[in-house]
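In numbering that gives the first Met the number 0, the protein residues as written are 0 to 313.
Glycine included, every Cβ here is placed at the ideal spot set by N, Cα and C.
Inspection log for the structure reproduced underneath, given as structure tokens.
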Amino acid sequence: MSLFTGGSTGRPKIWQKTIRNLFSEAFYLSEKFGFSLDDRIVATVPPYHIYGILFSVLVPLVSSASVMADTPTFPHEIINAIVRQKATVLVSVPIHYKTLAGSTMPNHSLRMAFSSAGALDKTDGKNFTGQTGTGITEIYGSTETGGIAYRCRAMDDAALTVFETVDVEIIDEQIHVRSDYISPNVSRDEDGFSRTGDRGGKFDPDRFILYGRSDGIVKIGGKRVDLEEIREKILSIPEVADALILSAPGSKGREHEIAAVLEGKISPKQVRKQLSKKLEPYAQPRNIKVVDRIPRNHMGKYDMEKIQKLFQPS
């Protein structure tokens with residue numbers, strides 16, 4: 000089977016998945032999280048990406064759980080589906096949990112909620128748990144590697160716990176994985192490990208902290224700059240609701256240049272003024288775009304093709 004990535008790092012890629020890849024993971028997830036005939040699943044994600052096909056097709060298939068045929072995406076649709084279907088499991092993505100903030104969900108039957116396809120905002124996780132009494136289990140992985148680890152936001156856990164069926168090695172902050180879920184066309188070393196493209200650090204033998212993408216560290220004027228740190232500084236500005244930081248090949252002899260696209264009621268000039276107090280000059284974005292909504296795709300991930308067009312000369 001061929002599956003598309005979510006396209007969060009650029010144009011979506013296609014990865015091959017074998018029957019063994021898919022069903023071994025589905026059987027594991029079903030047993031790990033106790034899916035059964037009594038479960039009723041509402042999924043807000045389509046079944047043509049790895050997260051959707053596992054949790055809304057294959058896990059129900061191997062566990063005999065039922066799943067709602069429709070894919071609700073708007074807050075009122077999601078809430079109505081959960082209540083009407085007496086759902087016990089919600090399979091969703093970070094952007095949908097964010098949109099549910101402030102919503103009420105009376106008389107629900109949820110016992111589990113899952114999130115993947117991007118990092119779940121800590122506040123959004125706490126809000127959902129406060130509204131429903133149900134903690135969100137966050138799944139970390141990718142199309143090509145399958146699932147790698149998980150954490151429960153209700154327990155305020157920053158560290159990810161590695162699935163028992165997966166081996167993780169971290170070498171110079173680079174995360175490498177080995178499992179039966181990895182696509183056959185992914186390159187591996189002699190021990191069967193594949194590099195993920197993410198950075199992390201060991202917390203204890205079975206847990207690790209995810210730092211971010213390997214390409215999230217760039218050189219500016221010979222100095223290492225963490226793009227996620229820049230994002231955090233920008234998000235600390237009250238008028239900014241969301242931010243994405245990009246790195247592009249530099250001009251005039253620079254190795255890289257930093258750009259930022261923001262959601263909020265603020266001007267680029269005001270952003271630069273505030274960042275002058277928070278960041279070194281070399282780490283400040285040279286190009287800032289403020290938009291009503293940062294483009295996202297159907298999985299709630301940033302649509303990089305549309306975002307890159309924002310910075311093209313008109």
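Among all the DSSP beta bridges, which residues are the ones paired with residue i?
{"i": "residue 160", "result": "149, 206"}
{"i": "residue 287", "result": "259"}
{"i": "residue 314", "result": "Nothing about residue 314 can be read from this structure; the chain reaches only from 0 to 313."}
{"i": "residue 218", "result": "223"}
{"i": "residue 197", "result": "212"}
{"i": "residue 180", "result": "For residue 180, which the question treats as bridged, DSSP gives no partner whatsoever."}
{"i": "residue 130", "result": "None, per the DSSP bridge assignment."}
{"i": "residue 234", "result": "None, per the DSSP bridge assignment."}
{"i": "residue 244", "result": "259"}
At the level of alpha carbons, what is the spacing between residue i and residue j?
{"i": "residue 156", "j": "residue 19", "result": "31 angstroms"}
{"i": "residue 259", "j": "residue 88", "result": "36 angstroms"}
{"i": "residue 117", "j": "residue 230", "result": "15 angstroms"}
{"i": "residue 274", "j": "residue 304", "result": "27 angstroms"}
{"i": "residue 150", "j": "residue 31", "result": "13 angstroms"}
{"i": "residue 14", "j": "residue 140", "result": "14 angstroms"}
{"i": "residue 25", "j": "residue 296", "result": "25 angstroms"}
{"i": "residue 316", "j": "residue 81", "result": "Nothing about residue 316 can be reported from this structure: the residues present for the chain run from 0 to 313 only."}
{"i": "residue 46", "j": "residue 27", "result": "19 angstroms"}
{"i": "residue 209", "j": "residue 202", "result": "10 angstroms"}
{"i": "residue 216", "j": "residue 301", "result": "19 angstroms"}
{"i": "residue 79", "j": "residue 189", "result": "50 angstroms"}
{"i": "residue 83", "j": "residue 77", "result": "10 angstroms"}
Please list the terminal residues of the continuous beta strand (DSSP E) segment that includes residue i.
{"i": "residue 225", "result": "222–225"}
{"i": "residue 61", "result": "Segment 58–62 is the alpha helix (DSSP H) holding residue 61; no beta strand (DSSP E) there."}
{"i": "residue 265", "result": "From DSSP, residue 265 is part of no beta strand (DSSP E); its letter is neither H nor E."}
{"i": "residue 13", "result": "13–15"}
Is the beta carbon of residue j closer than 9 angstroms to that of residue i?
{"i": "residue 92", "j": "residue 144", "result": "no"}
{"i": "residue 293", "j": "residue 241", "result": "yes"}
{"i": "residue 165", "j": "residue 148", "result": "yes"}
{"i": "residue 29", "j": "residue 58", "result": "yes"}
{"i": "residue 177", "j": "residue 199", "result": "no"}
{"i": "residue 255", "j": "residue 218", "result": "yes"}
{"i": "residue 130", "j": "residue 98", "result": "no"}
{"i": "residue 96", "j": "residue 108", "result": "no"}
{"i": "residue 173", "j": "residue 206", "result": "no"}
{"i": "residue 2", "j": "residue 52", "result": "yes"}
{"i": "residue 279", "j": "residue 222", "result": "yes"}
{"i": "residue 310", "j": "residue 226", "result": "no"}
{"i": "residue 236", "j": "residue 142", "result": "no"}
{"i": "residue 158", "j": "residue 123", "result": "no"}
{"i": "residue 112", "j": "residue 146", "result": "no"}
{"i": "residue 277", "j": "residue 308", "result": "no"}
{"i": "residue 283", "j": "residue 238", "result": "no"}
{"i": "residue 197", "j": "residue 187", "result": "no"}
Can you tell me whether residue i sits near the ligand ZN, meaning its C-beta is under 8 angstroms from at least one heavy atom of the ligand?
{"i": "residue 21", "result": "Ligands in the displayed structure: none, and consequently the ligand ZN is not present."}
Along the chain, where does the alpha helix (DSSP H) that runs through residue i open and close?
{"i": "residue 167", "result": "Here residue 167 belongs to no alpha helix (DSSP H); instead the beta strand (DSSP E) covers 166–170."}
{"i": "residue 307", "result": "303–309"}
Practice problem: Any chance you could list the alpha helix (DSSP H) runs of at least 4 consecutive residues sitting entirely within the stretch 73–120, in chain order? | Solution: Counting only runs of 4 or more, we get 74–83, 93–98.
Self-check item: In chain order, each alpha helix (DSSP H) run of at least 4 residues that lies wholly inside the stretch 28–55
Solution: 49–52
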